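Following: one structure in C-alpha cells, then a few remarks.
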Amino acid sequence: MFQFHLSIGLILFVSHLLLMLAIDVKPQKEHYKPVYSVYHNMSSIALTLGKLVKENSDIIRHVQHEKYISKQRRQQFVLHITNFASHSEQYRSKVNFLLSFGEHAREFLPVESLVHFLRMLVMDWRTSKPAIDLNQVSIFVIALANPDGRQYVEQTENFCWRGTLSGVDLNRNFDWEFGGKGSSGDPQDEEFRGPKPFSEEETFVYRDLTEKFHFDGFISFHSGTKQIYIPFADTRSRQRGRVPANLDEMTRLAKELSAATVFKHEYGQAASLNDYTADGTIFDYMAGRRKIPFTYAIELWGPDKHMGPSCFDLFNPPNDKLQEVVSDMYPLYVKFFQYITHWKAKLRTTMKREGSIHSYLPREDAGLQYYTHWTVPSLSPGLLLLCLLVTVTVVIGLQGKYFLCRRIYNRRRVISLKSLSSTLSLNLFHT
Ligand SMILES: *[C@@H]1O[C@H](CO)[C@@H](O)[C@H](O)[C@H]1NC(C)=O
Ligand SMILES: [Zn+2]
C-alpha cells in the first residue's frame with residue numbers, strides 16, 4: 198500500500214515538474230550563475246555554520262528557539278557570538294549587536310560575507326591581541342532570514358526572486374510606516390509588503406530578540422549597489438525631514454565604515470541617497486521603534502556596470518571574484534564593533550557621573566537555550582511524502598488555472614522591467 202502511494206506520488210510529482218517547465222517562460226538569461234563549489238547553497242550553508250559552531254562552541258552557539266524558523270519551518274540559523282566563559286558574569290556590561298543576513302533571496306553575497314567574517318573572527322580571537330574583543334561584545338546573527346526564498350531561487354534558478362515563498366518582501370513587512378508608498382500592496386510586485394505588519398513568520402525572530410535585549414548596533418545586510426543607509430528610509434520621514442535621535446553619531450560611524458574598505462561605500466540618509474523611499478523596512482523599525490542607537494542598512498556590493506535584464510550579476514560578484522570581495526569587506530565589521538564599543542564606554546562614563554545608566558543595560562539574559570549538538574535540519578521521508586502528495590493534490594485541483602505557475606510568470610515580468618530600469622539608474626533602492 199505504501200509503495201503504491203509512493204509511486205503514484207512520484208508520477209504526479211514528475212508530471213507537476215513537467216507542467217511547470219512547460220508553462221514557465223524562458224529563464225532569464227544570466228551572464229553568470231553561482232557555482233556551488235564557490236558559493237554556498239542551502240545544504241552547504243547548514244554544514245559550514247554547523248562546523249563553525251561545533252568547532253568553536255566556546256564563542257559561537259546556535260540559539261535554539263522553536264520559532265526562529267521560516268514559514269516552511271526551515272532554520273534561520275540564529276547564532277550568538279561572545280566569549281561564553283566570561284558571559285554569565287559580564288553579560289550586563291557587554292555591548293550588544295544584531296546583524297541580519299539573507300533577507301532577500303537573490304542576494305547571495307551577504308551570506309557569503311557573513312561566513313568569511315565568522316572565519317576571520319574565530320582566527321582573530323585565537324590571536325594574542327584580538328581586534329574584536331569577545332569579552333566586551335555580544336553579537337547575535339540572523340544568518341539566513343529568508344531560507345524559503347533562498348531555497349526557491351536555488352531550485353528554480355530564478356535568480357530574480359527577492360521575497361519569501363509567499364512573495365512578501367521581508368524588508369517591507371515591519372511595523373514602521375507599514376503600508377506607505379515605498380512598498381506595494383500588489384502580490385505580484387517584488388516590493389509586496391504583505392497583508393499586515395509581521396504577517397510573515399520570518400519576522401518573529403527580529404521582534405523576539407529585540408524584546409529580550411537592548412541592542413547598541415544593528416545592520417541589515419544587502420547587495421545590489423555600494424551604499425550605507427542611515428534611517429529613515431520611509432516616505433513620511435522624507436516629507437517631514439524626520440531623523441533618528443542619534444543621527445550625528447550614526448553619520449560619523451558611516452563615514453568611518455565607508456573609509457574602512459576598498460569599496461568606499463556612499464553613505465547618507467536613505468531618503469537623500471535614493472529617489473525611492475521604502476516603507477516598513479527592518480532598519481527603520483530598529484531605529485524608530487526599537488531605538489537602537491546605531492542602525493544601518495548596508496548594500497555591500499554592486500556591479501560597476503550592468504547590462505540587460507539578468508539578475509544574479511546585479512547582486513553577486515562573479516565566482517572567481519567572490520573570495521576577494523568578501524575578504525575586502527572584513528574591515529567594515531571590525532570598525533563597526535570597535536567604534537560602538539568605544540562609544541559605549543564613553544557613554545557609560547558620562548552616565549555614571551549622571552547616574553542614569555540603567556536604560557542602556559541589556560534586559561535579562563532571557564534564559565537562552567543553545568543547540569548542544571548540531572543537527573542539519575531535514576525532513577523525514579514520511580513528512581516529505583505527505584508534502585509531496587499535498588502539493589500534487591493542490592496542483593491537480595487547480596488544473597486549468599495553473600494558479601501557482603501563472604503567478605510566478607507574472608512576477609518575473611515585473612522583475613525584469615525593474616532590473617531594466619536599474620541599467621539606467623544604479624541607484625535602484627534594493628534594501
Ligand atoms: C550544494 O553544494 C555542494 C558543494 O558544496 C554540492 O556537493 C551539492 O551537490 C550542492 N547541492 C545542491 C542541491 O545543489
Ligand atoms: Zn536586499
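My numbering puts the first residue of the sequence shown at 198, with every later residue one more than the last.
Ideal placement from N, C-alpha and C gives every residue a C-beta, glycine not left out.
These numbers were taken from a predicted model, which means no experiment stands behind them.
Under the 10 Å beta carbon count, residue 251 is surrounded by fewer than 16 other beta carbons and is classified as exposed. Between residue 528 and residue 457, the C-beta gap is smaller than 9 Å, which places the two residues in contact. With a 10 Å radius around the Cβ and a threshold of 16 neighbouring Cβ atoms, residue 541 comes out buried.
Residue 494 and residue 426 do touch by the CB rule: their CB atoms are close to 4 Å apart, below 8 Å. Under DSSP, residue 272 shares a beta bridge with 266. Contact between the stretch 486-506 and the stretch 385-392 is not established, with fewer than three Cβ pairs separated by less than 8 Å.
Rounded to whole angstroms, the gap between the alpha carbons of residue 364 and residue 430 is 22 Å. Burial is judged here by how many other beta carbons sit within 10 angstroms of a residue's own beta carbon; residue 543 has fewer than 16 and is exposed. Per DSSP, residue 365 lies in no beta strand (DSSP E) segment and is marked neither H nor E. For residue 486, there is no enclosing alpha helix (DSSP H), as DSSP marks it with neither H nor E.
Per DSSP, residue 346 lies in no beta strand (DSSP E) segment; the continuous alpha helix (DSSP H) that holds it begins and ends at 344-353. Taking C-beta atoms as the reference points, residue 249 and residue 350 fail to come closer than 9 Å.
Residue 539 carries a helical assignment under DSSP once its states are collapsed to helix, strand and coil. The residue among 297, 381 and 362 with its C-alpha nearest the C-alpha of residue 474 is 381. In the structure shown, the three-state DSSP call for residue 371 is coil. Measuring C-alpha to C-alpha distances from residue 471 to each of 490, 428 and 502 identifies 428 as the nearest. Just so you know, the alpha carbons of residue 348 and residue 239 end up roughly 7 Å apart. Here residue 369 is actually not in contact with residue 303; their C-beta atoms are around 16 Å apart, not less than 8 Å. The closest CA to that of residue 498, considering only 533, 515, 423 and 506, is found on 423.
Exclusion of the five residues before and after residue 530 leaves 314 as the residues of its chain whose Cβ lies within less than 6 Å of its Cβ. Inclusion of residue 300 and residue 401 in the CB contact set at 9 Å is not warranted, their separation being larger than that value. Pairing residue 245 with residue 225, the inter-Cα distance amounts to about 30 Å. Between ligand 1 and the CB of residue 300, the shortest heavy atom gap is not smaller than 8 Å. In the structure shown, the three-state DSSP call for residue 293 is strand. Residue 375 and residue 446 have their C-alpha atoms spaced approximately 27 Å apart. In chain order, the residues positioned with their C-beta nearer than 6 Å to some heavy atom of ligand 1 are 233, 234, 238, 240 and 241.
Taking the Cβ atoms as the reference, residue 353 lies roughly 20 Å from residue 397, outside the contact range of under 8 Å. When secondary structure is reduced to three states using DSSP, residue 260 falls in the strand class. Of the heavy atoms belonging to ligand 2, none sits nearer than 8 Å to the Cβ of residue 310. With 16 or more other Cβ atoms inside 10 Å of its own Cβ, residue 243 counts as buried. The shortest C-alpha to C-alpha distance from residue 307 to any of 586, 519, 537 and 508 is the one to 519. Inclusion of residue 260 and residue 567 in the CB contact set at 9 Å is warranted, their separation being smaller than that value.
Following the DSSP letters along the chain, one finds residue 465 inside the beta strand (DSSP E) bounded by residues 463-466. Shortest gap from the CB of residue 397 to any heavy atom of ligand 2: 8 Å or more. Listed in chain order, the non-local C-beta contacts of residue 338 below 6 Å within the same chain comprise 276 and 296, local neighbours out to five positions each way being set aside. With a threshold of 16 other beta carbon atoms within 10 Å, residue 526 meets it and is buried.
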